[in-house]
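> In my numbering, the protein residues as written are -18 to 150.
Backbone N, C-alpha and C define an ideal beta-carbon position, used for all residues, glycine too.
Since we're looking at a predicted model, the values are computed, not measured.
First the structure, then my questions, so here it is.
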């Protein structure tokens, strides 16, 4: 019985300490994290077409359609052979009617591409646009004359991404 009483006394002491010091250490979290912008509630807006008819509202949202990607120029892609962890520069020509490009990365590693002003300038692992391994993406284009590409890790096979100019997408 003596051991049980001692155990009960220790348990009550620990409980008393937890009650005594546990509440004092707790602090209420701030209502909003420091540096986080405060959002405002926006009122629903109706969208009307050119004839004044309701085209969309929160109750009946508009359907967004994207135009399909249509190739420009000869239709052949620009293939960037031999991409490794060392940046490589290429001279390219954009067709006049191109507004977008499709970048296909068949490599087993991520690849970065960046528009550069000359063949002596290059992309780094922290600049340019990153394209994930074995993926493709369509983006809007600028007026590049030179581009630089780099693999973010050593490819285990051939790494030859493709760039196809076009419209839409």
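Assuming residue 91 and residue 112 form a contact by the criterion Cβ under 8 Å, report the distance between their Cβ atoms to the nearest whole angstrom.
For the purposes of this step, residue 91 is taken as residue 110 along the chain shown, with counting starting at 1. For the purposes of this step, residue 112 is taken as residue 131 along the chain shown, with counting starting at 1. Right, their Cβ atoms sit about 7 Å apart.
> Kindly indicate which residue of 127, 131, 54 has the alpha-carbon position closest to the one of residue 107.
Translated into positions along the chain shown, residue 107 becomes position 126. Ranking the options by Cα distance to residue 107, first place goes to 131.
> Short of 6 Å in beta carbon distance, which residues of its chain neighbour residue 119, apart from the five on each side in sequence? Order them along the chain.
For the purposes of this step, residue 119 is taken as residue 138 along the chain shown, with counting starting at 1. Hits under 6 Å: 50, 81, 83, 150.
> Would you say residue 68 and residue 89 are within 9 Å of each other, going by their C-beta atoms?
In the chain shown, counting from the first residue as 1, residue 68 sits at position 87. In the chain shown, counting from the first residue as 1, residue 89 sits at position 108. Cβ atoms of residue 68 and residue 89: not closer than 9 Å.
> Along the chain, where does the beta strand (DSSP E) containing residue 75 start, and where does it finish?
On the chain shown, position 94 is the one that residue 75 refers to. Run containing residue 75: none; DSSP gives neither H nor E here.
> Quick one: give me the first and last residue of the beta strand (DSSP E) that residue 112 is part of.
Numbered from its first residue, the chain shown carries residue 112 at position 131. First-last of the beta strand (DSSP E) with residue 112: 110 to 112.
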